[in-house]
Structure formats: structure tokens, C-alpha cells
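The sequence shown maps to residues 0 to 56 in numbering that gives the first Met the number 0.
Below is one structure, written out as C-alpha cells; comments come after it.
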Amino acid sequence: MFNERYVMNAKKPKFNKIFNRKKLESKVSEMFNEQKKPNQNRRLQLMKNVQKAFSND
Numbered sequence: 000m001f002n003e004r005y006v007m008n009a010k011k012p013k014f015n016k017i018f019n020r021k022k023l024e025s026k027v028s029e030m031f032n033e034q035k036k037p038n039q040n041r042r043l044q045l046m047k048n049v050q051k052a053f054s055n056d
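Written out as C-alpha cells, the structure is:
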């Protein structure tokens, strides 16, 4: 998100290169998007199944 090296080396740093508002807003909206949550739950369930299959119990 914050590029300190760019700020230190640039003669006139551009604010959009430091903080890109559109990019940050899209990341926040993606975090709370309901459509992606089932996919994450599915992946978690698959990982648990694999862990069960390869456990020594």
C-alpha cells in the first residue's frame, strides 16, 4: 500500500502513486463481498479433507 522507497527517491512524489484510492476502495469492497465467501469456505473444507486423509490417526 505505501511505498516508502518511492517517496524517499522521488523529487516530486505523486500522491496517486502513494495512495491509490480506487485500488484501496476496491480491495475493501472485495473483502466484504458475499459472493467470494462460499468459495473460501469450499477451499477450507477441501483442505480439511486432505488433512484428514493424510493424518496418521
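Cβ coordinates follow ideal geometry from the N, Cα and C atoms, glycine included.
Being a predicted model, the structure only gives us computed values, none of them experimental.
Inset, instruction - Spatial neighbours of Y5 within its chain, please: CB distance less than 8 Å, with the 5 preceding and 5 following residues excluded, ordered by chain position. - result: P12, K16, I17
Inset, instruction - State the Cα-Cα distance for the pair L45 and K10, rounded to the nearest angstrom. - result: 50 Å
Inset, instruction - Compute the minimum distance between the beta carbon of K21 and the heavy atoms of the ligand GTP, and state whether it is under 7 Å. - result: Ligands in the displayed structure: none, and consequently the ligand GTP is not present.
Inset, instruction - Enumerate in chain order the residues of its own chain whose CB-to-CB distance from L23 is below 6 Å, with the five nearest sequence positions on each side excluded. - result: none
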